[in-house]
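Here the protein sequences line up with chains A and B, keeping their order. Heads up, the first sequence is in this note's numbering, so the first residue is 207 and it goes up one at a time. Heads up, the second sequence is in this note's numbering, so the first residue is 34 and it goes up one at a time. Before any comments, here is the structure.
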Amino acid sequence: MIAKIYVKLKQDVSDPQGIAVKGALESLSFKGVRNVHVGKYFVLEMDEMDREAAGDQVSSMCEKLLANPVIEDYTFTIESNNAGEKS
Amino acid sequence: MKFGVVIYPGSNCDQDCVHVLRNVFKQDVRELWHKERDLDGCDCIVLPGGFSYGDYLRTGAIARFSPIMEAVTNYAKKGGLVLGICNGFQILCEAGLLPGALIRNRSLRFICKPVHVKVENRETAFTRFEKEILNIPIAHGEGNYFIHEDGLKRLREKDRIVFRYCGPDGDITDQANPNGALFNIAGIVNEDGNVLGMMPHPERCSEQEIGGTDGRNIFESILNTLNG
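And the structure:
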């Protein structure tokens, strides 16, 4: 399975990188961007073939290492990697 | 007394701590490689500054899983004195030995300069001294302390905020806050008061020859505590 994991700072934690990127976008005349959140994106190529088991493993990985639950939220998707193997 | 200075791959203030404890304070110092599992009977453990594991993922995030951290955690839970300086503070937060987290400085810049901190609690093992304001250097990119509202409330209620960034006269203002830390927090202790995490570097100001001696107060306090 392939796990795609997104980690970003919680809404109430200030995100100085996001603020800086927003400022840079404004200075480039891109209008209408209300907020920018900068986060991390992980792609895990996993041996696990069962979607649910892979999801359980990824949740645990996020809680223990990939995200810091004090300041960050995470979401993820689990995809089958069959297509990848054939190509 | 026997001090243990933990060395992770990427630590870069470990030798400064070793030097101050060994040569300035004439103490026995063990250098503890992060792969060790035993603290060798040390009386106080120092987690030094630096960039453990290159700060990959998050500061301190990978160091907290070093083999030695299990021993450090057990030691801390039994009441052993642990001092985390800068990256050491970040590691203690990631390991859950201290609450909260250290995020990117609000300026996004790495800041290396002397600052003033006000000693808010002079009853801890680390802060039994007279001086109320310390002039002490910081050097970090991620020193912006964050904790949720209820966590801050708990810290305040139990007097666990030990150092706060202030001006030269002790005024706690936003202007004196170098990194955006919540409530100007520069250092906190755990509930039992035996684990201190601080962003400023006392080992960088423990000798007049290198610019100041305010940091000595902290090491002297530890020694006085250990010597009972």
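The beta-carbon is built from N, C-alpha and C at its ideal position, and this holds for glycine as well.
query                                                                                                                                       : result
Neighbour list for residue 231 (chain A) in chain B, Cβ cutoff strictly below 7 Å                                                           : By Cβ distance, chain B contributes nothing, its closest Cβ being about 15 Å from residue 231 (chain A), past 7 Å.
Candidates B:168, B:202, B:88: closest to residue 235 (chain B) by CA position                                                              : B:168
Cross-chain neighbours of residue 139 (chain B) in chain A, by beta carbon under 8 Å                                                        : 220, 222
Proximity below 9 Å, CB of residue 262 (chain B) to CB of residue 115 (chain B)                                                             : Past the edges of chain B, shown from 34 to 261, lies residue 262 (chain B), and the structure says nothing about it.
Residue 85 (chain B) versus B:51, B:113, B:125, residue with shortest Cα-Cα distance                                                        : B:125
Sufficient close CB pairs (3 or more, under 8 Å) joining the region 217 to 234 of chain B to the region 164 to 178 of chain B               : yes
Which residues DSSP lists as bridging residue 40 (chain B), in chain order                                                                  : B:66
The region 174 to 182 of chain B in contact with the region 194 to 202 of chain B per 3-pair CB rule at 8 Å                                 : no
Any chain A beta carbon closer than 9 Å to residue 91 (chain B)                                                                             : yes
Given 8 Å, three or more beta-carbon pairs between the region 271 to 282 of chain A and the region 36 to 44 of chain B                      : no
Residues that residue 208 (chain A) bridges to, as DSSP identifies them                                                                     : A:251, A:285
C-beta atoms of residue 185 (chain B) and residue 215 (chain B) nearer than 9 Å                                                             : yes
Beta-carbon contacts of residue 292 (chain A) that lie in its chain and below 6 Å, excluding the five residues immediately before and after : Low confidence applies to residue 292 (chain A): its pLDDT is 42, below 50, so where it sits in the model is not reliable, and the reading given next is rough at best. Around residue 292 (chain A): no qualifying Cβ.
CA-to-CA distance, residue 211 (chain B) to residue 147 (chain B), given in whole angstroms                                                 : 10 Å
Contact set between residue 179 (chain B) and chain A, taken where Cβ atoms lie within less than 7 Å                                        : 219, 277
Closer than 9 Å to chain A by CB, residue 163 (chain B)                                                                                     : no
Chain A contact for residue 145 (chain B) (CB, 9 Å cutoff)                                                                                  : no
Rounded C-alpha distance that separates residue 268 (chain A) from residue 242 (chain A)                                                    : 22 Å
Outcome for residue 157 (chain B) when other beta-carbon atoms lying within 10 angstroms are tallied against a minimum of 16                : buried
Option in B:68, B:87, B:63 with minimal Cα separation from residue 76 (chain B)                                                             : B:63
Same chain only: Cβ atoms within 6 Å of residue 165 (chain B), ignoring 5 sequence neighbours per side                                      : 152
Cβ neighbours of residue 217 (chain B) in the same chain (closer than 6 Å, five flanking residues each side left out)                       : 197, 198, 205, 210
Contact list for residue 174 (chain B) against chain A, beta-carbon separation under 9 Å                                                    : Under the 9 Å cutoff, chain A gives no residues; its nearest Cβ is about 11 Å from residue 174 (chain B).
Contact set for residue 128 (chain B): own chain, Cβ-Cβ below 7 Å, skip 5 residues either direction                                         : 97, 102, 106
is_contact[residue 292 (chain A), chain B] using C-beta, thresh 9 Å                                                                         : Residue placement at residue 292 (chain A) is poorly supported in this model, since its pLDDT is 42, which falls under 50; the coordinates still yield a value, given next. Output row for residue 292 (chain A): interface = no.
Near-chain A residues of the region 119 to 140 of chain B (beta-carbon distance less than 8 Å), N- to C-terminal order                      : 126, 127, 132, 133, 134, 136, 137, 138, 139, 140
Expected contact under 8 Å - CB spacing of residue 258 (chain B) and residue 155 (chain B) to nearest Å                                     : The Cβ separation is near 12 Å, so there is no contact.
Contact set between residue 94 (chain B) and chain A, taken where Cβ atoms lie within less than 8 Å                                         : 271, 274
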